[in-house]
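Visitor: To convert a position in the sequence shown, counted from 1, into the numbering used here, add 1455.
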Amino acid sequence: MSTSSIKKYNQIVIFTAETYPSVAGDGRNALLVGSKLAAKGHRVLLISLNPNNLLQPYETINGVQIERVAYNYKTKLGRAILRLNLLWHLQKLKNPKTIWLIYGAMPGFRTIMLAAILKGVSFIFRSTLWGFDDAYTLAGKPLKFFTRVLLKKVNGYYALNSSFASSWISVFGQSNIFKSFQGVELGRFNIKNRNEIRALTRQELGIPPDQPAILMVGHLIHRKGFPEIIDWLGKIDDEYILIHLGSYQASEWDTVSLYNVEMSQHKAYAEKVLGDKIRFLGRQNDTYKFYLASDIFLMASYAEGYPPNSVNEALAAGLPVLTRKIPGVTDTITDGLNGFHFSSEKEFSAKLSSLIHNKTKRIEMGRNAQIFATDKLNINSIVDRLVTFINAI
């Protein structure tokens, strides 16, 4: 048994909107955290939603038991019935020595918190997206009184960055806060034959060896900065290739399919504006090779639970991060050290051009990015700290 074993609890239940095979950041991280806990000898149950009931209802991955709750998200009736389906799953959780970790304002999150309170179960709430489930936003949404009552009962709060922590303290006062980045498996990016992988991947994509490659990762939706970022890139005369990883047509088992029309429009517009300067690669499993083949990571989102998985992975891969300055950024990206911030088109264009033209600066920033990742983003260390936090509840 791990020296960091959960002494007070013999099971941790993690709730997240979607997990594998979805590539949504919260679900990916929930499964990664659960896998690390399971590897340390802990019992882990992950409860997520099952959009349109198209995925396996029960599955075990990396030692994590997964239960998926039927969720017909395209109708009002289906969304309402979700609460009943959740209650059916929750009533089966009879283990008194259980702690629940709730990933954000997922559909039915109030039902989950209420059930925890009525059962006398300790629970932790983790905000996932600024402007969606930070304390300021939750306190101002419809049902805000009921939401505030429930959130005041939390046994702990997981803050990804200082902005989340400050908003929580401002709304709910000093509380039991675990402040930590999401983390990443650093070993995936510690590749000795990096140059070989870079050369092979670029050859597959038809990218010349020395042409600067900019990588973007995420759904092709408005929140990720589209289509504005395409307009900005289209005005830059410098030579570059933009690689995009992420959904632009999602399956019915993925709730991002609600945005399929929007994503298709953004893709068509980007191809019109950027032409052969852009490569849309869709969803990918072995994403690490695209990080290793790139030179700059671009994060244009208007809101994130900063840093998202993609930024963590970019830092681990030694890429300078060019990021929109949004809440939480400054905890991770130091302007001019391991990346650049931008708040306007003029600032974006100037900083991107400086990265494109200055290979020495890119390499230096990339080295600083890897140092930050090694020091702050090791998922094993983060999970150990999380266990210590849970033990103290």
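Ideal Cβ placement from N, Cα and C applies to all residues, glycine included. Treat the numbers as computed from the prediction; the structure is a model and nothing was measured.
(1) Which residues in the same chain have their Cβ closer than 8 angstroms to the Cβ of Lys1549, if we skip the five residues on either side of it in sequence?
(2) Opposite Tyr1513 in the DSSP bridges: which residues?
(3) Do you know offhand how far Lys1816's Cα is from Ser1622's?
(4) With DSSP collapsed to three states, give me the class of Ile1572.
(5) Going by DSSP, name the residue or residues bridged to Asp1693.
(6) From Leu1747 to Leu1753, what distance separates their C-alpha atoms?
(7) Would you say Phe1644 and Tyr1513 are within 8 angstroms of each other, going by their C-beta atoms?
(8) So, with DSSP's three-state summary, where would you put Lys1722?
(9) Which runs of the beta strand (DSSP E), 3 residues or longer, sit entirely within the region 1539 to 1565?
(10) Would the region 1462 to 1470 count as touching the region 1552 to 1561 if we require 3 or more Cβ pairs under 8 angstroms?
(11) Whole angstroms is fine: what's the gap from Arg1657's alpha carbon to Arg1734's?
(12) Run through DSSP, which three-state label would Ser1582 get?
(13) Quick check: the Cα distance between Val1842 and Val1478, rounded to an integer number of angstroms?
(14) Can you tell me where the alpha helix (DSSP H) holding Tyr1612 begins and where it ends?
(15) Kindly indicate which three-state DSSP category Lys1491 falls into: helix, strand or coil?
(16) What is the rounded straight-line gap between the Cα of Met1456 and the Cα of Lys1495?
(17) Within the present structure, is the beta-carbon of Lys1491 separated from the nearest heavy atom of the ligand GTP by less than 7 angstroms?
Guide: Let me spell this out:
(1) Annotation for Lys1549: no residue places its beta carbon closer than 8 angstroms to its own, counting only its chain and skipping 5 residues before and after.
(2) Looking at the DSSP assignment, Tyr1513 forms a beta bridge with Glu1522.
(3) 35 angstroms
(4) helix
(5) Its beta-bridge partners do not exist; DSSP assigns none.
(6) Computed Cα separation, rounded: 14 angstroms.
(7) Remark: C-beta atoms of Phe1644 and Tyr1513 do not approach each other more closely than 8 angstroms.
(8) In the three-state reduction of the DSSP assignment, Lys1722 falls in the helix class, which pools H, G and I.
(9) 1553 to 1558
(10) yes
(11) 11 angstroms
(12) coil
(13) 25 angstroms
(14) Here Tyr1612 belongs to no alpha helix (DSSP H); instead the beta strand (DSSP E) covers 1611 to 1614.
(15) helix
(16) Reliability fails at Met1456, whose pLDDT of 43 lies under 50, so the model's placement of it is uncertain and the value that follows must be treated cautiously. Roughly 7 angstroms between the two C-alpha positions.
(17) Among the components modelled here there is no ligand, and therefore nothing to report on the ligand GTP.
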